[in-house]
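This report refers to the structure that appears directly beneath it.
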Amino acid sequence: MWTTMVSHFRGPVFLSPYTRNLSSSSSIPSSRASSIPSHLPIPVVSGARAPLPTSGTKLSPSTTPSDVPTGNYRRLSATVSPTLICHSSRRKAAADTAPEEDESDDLRRTVIQALLWGSEAVYILWLLLLPYAPGDPVWAISSETVNSLIGLSLNFFFILPLMNSVGISLIDAPVLHPMSEGLFNFVIGWTFMFAPLLFTDCRRNRYKGSLDVLWGLQMFLTNVFLIPYMAIRLNGIDNEDDSTPRKPSQLGLVMTRGGPIVGLIGGGICLISTLWAIFARGDSGFGDLTERVDFLVRYLGSERLAYAFIWDILLYTIFQPWLIGDNLQNVQRGKVAAVSFLRFVPVVGLAAYLLCLNPDEKL
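Taking UniProt numbering as reference, the numbering of the sequence shown is continuous, increasing by one, and the terminal residue is 363.
Quick look at the structure:
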């Protein structure tokens, strides 16, 4: 076994092919040992047959093993450079902690997925099926609710009301309370902006279904379909799927390439919806702001659709910063910090993400 001989002066290291403690050797008298220059560099010997000097050999700093006659070089090296023993323990490799980290990540992912699937069950049962929430459940929906839903759909993005206002009256827009119209279009405008975000999601490959269909259904039933997607995207990593993104659909290409336009349209609709709810149809007897707020409170407490929209707004407020935070690599360099900060602001953060999408990034 090789032991390391290190000089207490600056110089090279001598590797001696001996295993016993050489520092205990007393073969060299102290008078002779004192004649050895303290600045003597100890050469590196790579083999066991290197020539060894005697204790009486006169050495110089330039002495090399080939210049030294054969002798007891071992004792000389022991006198000049005692053996140093390291008592430190071997540091564990970083990989040793990897299994614990993986187990922690798996546990956290499992808990989050369980919460999401539980939220999906509550959403469907409480908002769609059970009769305990405000308004009528799906299986007992009233004709009044159906007519209201049809009227809101006809006023989608305020297209018909705005056309009628400029004299284009191909179809007369239904006259509904501006608060209900504003709430409906606000949620739909926000949902509209989720399309590019889903199509640029770095984990979208873990969802095996069609994102086109998912987003289309989300436009009508909102979080009934978005909650399962949020749970599925947390599935374990499939190296093959994650490394080979699926070919985007035509809708996906349009939405991602036109992300800034989608952001402007969706953000604009949300802004118009807010202003519409407060100021629109002022001559139709819907009252001032106080009366409109009173109507909104009654509306949320009596209509299942309006009540569900409040849930959608709360869930979007959670999902928006979550998805944007996972996809900041898609944002233009230099704007990441701003988007990362704004992502927590409802609607505004998603609009900022779409406006700052990097067109050169391979999505």
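Backbone N, C-alpha and C define an ideal beta-carbon position, used for all residues, glycine too.
Remember, predicted model here, so these are calculated numbers, not experimental data.
Proximity below 8 Å, CB of residue i to CB of residue j
i: Pro248; j: Leu354; result: no
i: Leu217; j: Tyr229; result: no
i: Trp276; j: Gly151; result: no
i: Gly263; j: Met193; result: yes
i: Asp301; j: Pro134; result: Note that residue 301 is Gly in the sequence shown, not Asp. Closer than 8 Å, so yes.
i: Asn185; j: Phe158; result: yes
i: Ser180; j: Ala306; result: yes
i: Asp105; j: Arg304; result: no
i: Leu149; j: Val138; result: no
i: Ser284; j: Val175; result: yes
i: Arg233; j: Arg203; result: yes
i: Ile227; j: Leu116; result: yes
Neighbour-count burial assignment, residue i, 16 or more Cβ in a 10 Å radius
i: Phe319; result: buried
i: Thr290; result: exposed
i: Ile237; result: exposed
i: Arg292; result: buried
i: Ile168; result: exposed
i: Val122; result: exposed
i: Arg333; result: exposed
i: Leu314; result: exposed
i: Ile269; result: buried
i: Val347; result: buried
i: Val339; result: buried
i: Ile310; result: exposed
i: Arg343; result: buried
i: Ala114; result: exposed
i: Ala231; result: buried
i: Ala337; result: exposed
i: Leu170; result: exposed
i: Gly189; result: buried
i: Gly349; result: buried
i: Ala140; result: exposed
Beta-carbon proximity list for residue i, same chain, < 8 Å, skipping 5 on both sides
i: Ala173; result: Leu154, Asn155, Leu160, Pro161, Met163, Asn164
i: Thr200; result: Thr256, Gly259, Asn327, Asn330, Leu357, Leu363
i: Trp126; result: Tyr132, Ala133
i: Ser143; result: none
i: Gly325; result: Ser340, Arg343
i: residue 435; result: Residue 435 lies beyond the residue range present for the chain, which begins at 1 and ends at 363; the question has no answer from this structure.
Extent of the continuous alpha helix (DSSP H) to which residue i belongs
i: Arg343; result: Taken as a continuous stretch (DSSP letters only), Arg343 belongs to no alpha helix (DSSP H), as it is neither H nor E.
i: Ile237; result: Unbroken run through Ile237: none, as it is neither H nor E.
i: Leu315; result: 304-326
i: Pro260; result: 259-279
i: Arg298; result: 289-300
Nonlocal neighbours in the same chain, by C-beta distance under 7 Å from residue i, ignoring five residues either side
i: Ile124; result: Val224
i: His177; result: Phe286, Phe295
i: Thr191; result: Gln218, Met219, Thr222
i: Leu323; result: Leu197, Asp201
i: Ala308; result: Leu127
i: Thr317; result: Pro346
i: Arg109; result: Leu234
Cutoff 6 Å; reference residue i; Cβ partners in own chain excluding five residues on either side
i: Asp312; result: Val187, Thr222, Asn223
i: Asn235; result: Arg206
i: Ala351; result: Gly263, Gly267
i: Arg281; result: Pro178
i: Ser210; result: none
i: Pro359; result: none
Near the ligand FAD: residue i beta-carbon under 7 Å from a heavy atom
i: Ser284; result: In the structure on display, the ligand FAD does not appear, and there are no ligands present to speak of.
Quick check for students: name the residue ranges of the alpha helix (DSSP H) that lie wholly in the segment 155-225, counting only runs of 4 or more. 159-165, 178-199, 211-221
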